[in-house]
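Novice: Using our numbering, read the sequence shown as starting at 19 and increasing by one per residue. Glycine included, C-beta positions come from ideal geometry on N, C-alpha and C. Please read these numbers as outputs of a predicted model, since none were measured by experiment. Once you've had a glance at the structure underneath, I'll fire off some questions.
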Amino acid sequence: MKYDVILLGSINMDVVVDVPKYPEYGDTVFCNSIKMIPGGKGANQAVTVGRLGKQVAMVGAVGQDSAGDQLIKNLEKQHVDTEHVLRIEQEGTGTFVATIDQTGENTMMGTKGANDAITTADIEKVFSDIEAEILLVQMETSRESILAAMKIAKERGMFVILDPAPADGIFEEAFSYADLVLPNNQETERITGVKVIDQATALQAAGKIHELGIPNVIVKMGADGSLVYQEGETTFVEALQVNAVDTIGAGDCFAGAVACEFLNTNDLVAAAKFASIASGIKVSRTGGHDSIPTLEEVKARQ
Ligand code: RIB
């Protein structure tokens with residue numbers, strides 16, 4: 019079966035804690051709300067691709083639990099093909115606790131659970147059934163699944179996008195199979211040692227990432243825009259000016275949108291502009307997958 023994008027990635031249940039102010043270490047505080055919301059970097063990216071009108075196959079894993087049932091149903095509702103989502107008996111569904119404060123900024127911690135149980139054999143089986151133009155992958159599933167998918171995609175001549183997120187999951191071996199990486203500030207610092215504080219430091223970091231053998235780089239600086247390094251040329255792309263209320267999954271929305279617009283234009287600057295609008299709209303509203311914009315909503319802001 020042929021898709022636009024194969025999306026290997028995490029599928030998690032997020033426990034989103036909305037606090038007026040982050041507690042000090044050792045404090046106990048009351049919060050505004052606690053909600054269970056479908057998440058996972060992979061699932062967030064897959065839903066973005068689906069809502070932006072492209073055919074997407076989700077490759078991932080959940081446990082044999084009620085969270086797993088709910089997450090698969092949710093993906094189907096969002097027009098994501100879940101035929102290649104595995105159910106793992108021995109592991110629970112990945113779960114993240116995400117705190118968000120009045121600035122919209124978030125902090126997360128979680129377990130990989132079933133995401134970490136995907137094997138090389140699983141990936142080889144899936145890829146014998148499906149094909150696509152683009153592989154989009156992050157670093158929250160097992161190391162062997164990431165490497166196997168990237169290697170096969172590369173051999174097939176697919177365009178391989180690696181979102182090196184989260185910083186805690188980064189391993190360098192994956193870089194050799196990527197056509198594009200799009201790190202945020204924390205991930206960029208983890209990869210290069212350069213703290214990104216402005217366009218000059220973003221450019222310095224992009225150069226260092228390119229020296230690792232990766233042809234294309236987009237350094238995501240959140241509200242400060244993004245820096246695109248494509249075929250030796252750099253372009254700064256402004257962020258959409260919005261009032262940010264919820265940044266959870268903003269980077270995932272950006273990555274999914276880059277994949278979609280790159281399919282249309284074959285140009286990463288156009289893709290980053292489109293993705294800045296999509297992720298800007300996303301952070302301006304609360305909620306999980308339903309806050310990811312549709313194609314019509316992004317086009318209306320272009
Ligand atoms: O990028 C946000 C996502 O990171 C959350 O949905 C959480 O599940 C983690 O994967």
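#1: Of the choices Asp87, Ile152, Val214 and Asn124, whose alpha-carbon is the least far from that of Asn282?
#2: By DSSP's criteria, Gly78 is part of a beta bridge. Which residues make up the other side?
#3: Is DSSP giving Gln204 helix, strand or coil here?
#4: Where Met54 and Val33 are concerned, what is the direct C-alpha to C-alpha distance, given to the nearest angstrom?
#5: Tell me Glu149's beta-bridge partners as DSSP assigns them.
#6: Do you know how far the Cα of Val263 is from the Cα of Arg303?
#7: Determine, using beta carbons only, whether Cys278 and Ile310 come nearer to each other than 8 Å.
#8: Quick check: does the Cβ of Gly122 come within less than 7 Å of any heavy atom belonging to ligand 1?
#9: Please state whether the Cβ-Cβ distance between Val23 and Lys95 is less than 8 Å.
#10: Helix or strand or just coil, what does DSSP make of Glu94?
#11: Per DSSP, what kind of secondary structure is Ile164 in: helix, strand or coil?
#12: What span of residues does the beta strand (DSSP E) with Lys130 cover, start to end?
#13: Since Thr219 is in the alpha helix (DSSP H), which residue starts that stretch and which ends it?
#14: Leu25 and Ala64: beta carbons closer than 8 Å?
#15: Would you report the Cα separation of Asn284 and Ala275, rounded to the nearest angstrom?
#16: Between Gly306 and Pro56, is the Cβ-Cβ spacing less than 8 Å?
#17: Within the same chain, show all residues whose beta-carbon is closer than 8 Å to that of Met76, passing over the 5 residues directly before and after it, in chain order.
#18: Within this structure, are the beta carbons of Gly122 and Thr265 separated by less than 8 Å?
#19: With Ala273 as the anchor, note down where its beta strand (DSSP E) starts and where it stops.
#20: So Asp197 packs on Pro233, CB below 8 Å; how close in whole Å?
Specialist: Taking the geometry as given:
#1: Locating residue 282 in the sequence shown gives position 264, counting from the first residue. Of Asp87, Ile152, Val214 and Asn124, the residue nearest in Cα terms is Ile152.
#2: Your numbering for residue 78 matches position 60 in the sequence shown. According to DSSP, which records beta bridges pairwise, Gly78 is partnered with Val103.
#3: Here residue 204 refers to the residue found at position 186 when the sequence shown is read from its first residue. Helix at Gln204.
#4: Within the sequence shown, the letter at position 36 stands for residue 54. Within the sequence shown, the letter at position 15 stands for residue 33. Distance between the alpha carbons of Met54 and Val33 is about 5 Å.
#5: Indexing the sequence shown from 1 puts residue 149 at position 131. In DSSP, Glu149 forms a bridge with Lys20.
#6: Working through the sequence shown from its first residue, we reach residue 303 at position 285. Working through the sequence shown from its first residue, we reach residue 263 at position 245. Between Arg303 and Val263, the C-alpha separation is close to 6 Å.
#7: Position 260 of the sequence shown, counted from the start, is the residue given in the question as residue 278. Position 292 of the sequence shown, counted from the start, is the residue given in the question as residue 310. Cβ atoms of Cys278 and Ile310: not closer than 8 Å.
#8: The residue labelled residue 122 in the question sits at position 104 within the sequence shown. Checking every heavy atom of ligand 1 against the Cβ of Gly122, none is found closer than 7 Å.
#9: Along the sequence shown, read from residue 1 onward, the residue named residue 23 stands at position 5. Along the sequence shown, read from residue 1 onward, the residue named residue 95 stands at position 77. No, they are not a contact pair.
#10: For this step, residue 94 is matched to residue 76 along the sequence shown. Helix at Glu94.
#11: Residue 164 sits at position 146 when you count from the first residue of the sequence shown. Helix, per DSSP.
#12: Taking the first residue of the sequence shown as 1, we reach residue 130 at position 112. Counting along the chain, Lys130 falls outside any beta strand (DSSP E), and DSSP gives it neither H nor E.
#13: On the sequence shown, residue 219 is found 201 positions in, with the first residue counted as 1. Element bounds for Thr219: Gln217 to Glu229.
#14: Here residue 25 is taken as the residue at index 7 of the sequence shown, counted from 1. Here residue 64 is taken as the residue at index 46 of the sequence shown, counted from 1. Contact: yes.
#15: Locating residue 284 in the sequence shown gives position 266, counting from the first residue. Locating residue 275 in the sequence shown gives position 257, counting from the first residue. The straight-line gap from Cα to Cα measures roughly 13 Å.
#16: In the sequence shown, counting from the first residue as 1, residue 306 sits at position 288. In the sequence shown, counting from the first residue as 1, residue 56 sits at position 38. Yes. Within cutoff.
#17: Taking the sequence shown and counting its residues from 1, one reaches residue 76 at position 58. Once the five neighbours on either side are set aside, the close Cβ partners of Met76 are Leu25, Gly27, Ile29, Gly60, Ala61, Ala64, Leu93, Val98, Asp99, Thr100, His102 and Val103.
#18: Here residue 122 is taken as the residue at index 104 of the sequence shown, counted from 1. Here residue 265 is taken as the residue at index 247 of the sequence shown, counted from 1. Yes, the pair counts as a contact, with Cβ atoms nearer than the cut-off.
#19: One-based indexing of the sequence shown puts residue 273 at position 255. Per DSSP, Ala273 lies in no beta strand (DSSP E) segment; the continuous alpha helix (DSSP H) that holds it begins and ends at Ala268 to Thr283.
#20: Working through the sequence shown from its first residue, we reach residue 197 at position 179. Working through the sequence shown from its first residue, we reach residue 233 at position 215. Asp197 to Pro233, Cβ: 6 Å. Contact.
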